[in-house]
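For reference, the structure discussed in these notes is given below.
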Amino acid sequence: MPTIKDVALRAGVSRSTVSRVMNNQPYVDEEKRKAVKQAMKELGYLPNSSAQRLRGTETRTIAVLVSRIVNPFFSAIVDAMDEVAAEQSYRLILCNTRGSANQELHFLQLLRTKQVDGLILASLVNDWETIAPYTDYGPIVICNEYPRKYDGVPVVTIDQTKAMYEATVHLLKKGYKQIAYCNPITKTESDAVISPLAQDRYLGFCQAMEEAGMHMYGECLFLGHSLEDGRNIFKQMVCLADRPDAILTGSDEVAVGIIAEAKAAGWKIPDDLAIVGFDNQPHATLIEPELTTIHQPVQEMGRAAMESMLALLRKESQPPLVTYLEAPLLARKST
Numbered sequence: 325m326p327t328i329k330d331v332a333l334r335a336g337v338s339r340s341t342v343s344r345v346m347n348n349q350p351y352v353d354e355e356k357r358k359a360v361k362q363a364m365k366e367l368g369y370l371p372n373s374s375a376q377r378l379r380g381t382e383t384r385t386i387a388v389l390v391s392r393i394v395n396p397f398f399s400a401i402v403d404a405m406d407e408v409a410a411e412q413s414y415r416l417i418l419c420n421t422r423g424s425a426n427q428e429l430h431f432l433q434l435l436r437t438k439q440v441d442g443l444i445l446a447s448l449v450n451d452w453e454t455i456a457p458y459t460d461y462g463p464i465v466i467c468n469e470y471p472r473k474y475d476g477v478p479v480v481t482i483d484q485t486k487a488m489y490e491a492t493v494h495l496l497k498k499g500y501k502q503i504a505y506c507n508p509i510t511k512t513e514s515d516a517v518i519s520p521l522a523q524d525r526y527l528g529f530c531q532a533m534e535e536a537g538m539h540m541y542g543e544c545l546f547l548g549h550s551l552e553d554g555r556n557i558f559k560q561m562v563c564l565a566d567r568p569d570a571i572l573t574g575s576d577e578v579a580v581g582i583i584a585e586a587k588a589a590g591w592k593i594p595d596d597l598a599i600v601g602f603d604n605q606p607h608a609t610l611i612e613p614e615l616t617t618i619h620q621p622v623q624e625m626g627r628a629a630m631e632s633m634l635a636l637l638r639k640e641s642q643p644p645l646v647t648y649l650e651a652p653l654l655a656r657k658s659t
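Residue numbers (this note's numbering): 325 to 659.
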């Protein structure tokens, strides 16, 4: 394992200069600063306490990555994880990626530099080929979202296709024919990405529509994940020549945004528009009318993901590679 002395020799500077660069202190010649950083990179030197941790000291800390810390879904799932971790004297570091691929990679460095013992991905932006190398530095568990291809990493989620299929069938049985669909999206620095999770949900919608002999219209397909997205989606629907009589959304936030905007426009829910959410967040029963939604078992999901992580850290029996939890449809007054 490289030392400060090795870095100093490679950079052609004194050890004190290396120390000043690592601590970001002033009065270091810029050329020497660049030489030190280059030497650290070439040698794979990990500064501060990271190198000590590499020699076997546990941090008893687990990082949890989420895409939107303000989303109640993530706060609930992290709370469940924290409860299980605390029982075993572990603590969590909550990392908010904001849907940024670069931020996700930045937080994955916590695992490489041994600042955490393990890492749970409750959201996912990069593809698995980018993330896979980090499994060399410690255990990774995937919870909620998932890549299309992955190797040897526990995944805790629901059957997205089945859940959306059942929600679509519910609307069809109610007699709705012109059903719009809103796909949840992942925002990146450059574009909106349709994740494997969102693709699988859309597959369930398409299967149910095709089985019923119903047509899907491109103008009735929307993208969004937030309350504001829901408001904007309703404004778009109002402008359609052939307006939908129902809509399936990828989150309760979108559904609530649609309901709020529809009621402001004088529409009656579900007489003028039926709405189905996804997640069963607390506000699903606070809004009027109460929201029909798919119940995501976030507490069970969070606990199962953390239990898988602790099993890996304790090197116990290998946890299941894929855990599917039930996600029933809760029919309420919005349909």
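The beta-carbon is built from N, C-alpha and C at its ideal position, and this holds for glycine as well.
Being a predicted model, the structure only gives us computed values, none of them experimental.
- Compare the Cα-Cα distances from T659 to each of K498, V440, I444 and T383 and report the closest residue. By one-based count along the sequence shown, residue 659 stands at place 335. For T659, the closest alpha carbon among the candidates K498, V440, I444 and T383 is that of K498.
- Using three-state DSSP, classify T659 as helix, strand or coil. By 1-based counting over the sequence shown, the position of residue 659 is 335. Of the three classes helix, strand and coil, the one that applies to T659 here is coil, per DSSP.
- Query: Quick one: is P606 buried, meaning 16 or more other Cβ sit within 10 Å of its Cβ, or exposed?
  - Reply: Position 282 of the sequence shown, counting from 1, holds the residue named residue 606. Flag for P606 reads exposed.
- Message: Applying the 10 Å Cβ sphere with the 16-neighbour rule, what's the burial state of Q376?
- Response: Residue 376 sits at position 52 when you count from the first residue of the sequence shown. Reliability fails at Q376, whose pLDDT of 49 lies under 50, so the model's placement of it is uncertain and no value is given.
- Task: Return helix, strand or coil for E513, following the three-state DSSP convention.
- Result: On the sequence shown, position 189 is the one that residue 513 refers to. Residue confidence for E513 is low, a pLDDT of 45 falling below 50, so the modelled location carries little weight and cannot support an answer.
- Message: I'd like to know if the region 639 to 655 and the region 475 to 490 are in contact, where contact means that at least 3 CB-CB pairs between them fall below 8 Å.
- Response: In this structure the region 639 to 655 lies against the region 475 to 490, because at least three pairs of beta carbons, one per stretch, are closer than 8 Å.
- Message: According to DSSP, I482 sits in a beta bridge with which residue or residues?
- Response: The residue given as residue 482 occupies position 158 in the sequence shown. Under the DSSP definition of a beta bridge, I482 partners with L649.
- Task: Could you tell me which uninterrupted beta strand (DSSP E) segments, each at least 3 residues in length, are contained entirely in the region 539 to 622, listed from first to last along the chain?
- Result: Here the runs fully enclosed are 545 to 547, 570 to 572, 598 to 603 and 616 to 619.
- Among K587, A655 and E624, the one whose alpha carbon lies nearest that of I401: Taking the first residue of the sequence shown as 1, we reach residue 401 at position 77. Of the candidates K587, A655 and E624, E624 places its Cα closest to the Cα of I401.
- What do you reckon, are the CB atoms on E614 and R567 nearer than 8 Å? Here residue 614 refers to the residue found at position 290 of the sequence shown. Here residue 567 refers to the residue found at position 243 of the sequence shown. No, the Cβ-Cβ distance between E614 and R567 is not below 8 Å.
- Message: Less than 8 Å between the beta carbons of I611 and I583, yes or no?
- Response: Residue numbering aside, residue 611 sits at position 287 when the sequence shown is read from its first letter. Residue numbering aside, residue 583 sits at position 259 when the sequence shown is read from its first letter. In this structure, I611 places its C-beta atom within 8 Å of the C-beta atom of I583.
- Report yes or no: do the region 387 to 396 and the region 358 to 365 share at least 3 C-beta pairs separated by less than 8 Å? Under the 8 Å Cβ criterion, the region 387 to 396 does not count as touching the region 358 to 365, having fewer than three qualifying pairs.
- Can you grab the Cα-Cα spacing for the pair S399 / G542, in whole Å? Position 75 of the sequence shown, counting from 1, holds the residue named residue 399. Position 218 of the sequence shown, counting from 1, holds the residue named residue 542. Using only the alpha carbons, I get a separation of about 34 Å.
- Query: Which residues mark the beginning and the end of the alpha helix (DSSP H) in which N507 is found?
  - Reply: Start at 1 with the first residue of the sequence shown, and residue 507 comes out as number 183. Run containing N507: none in the alpha helix (DSSP H); it sits in the beta strand (DSSP E), I503 to N507.
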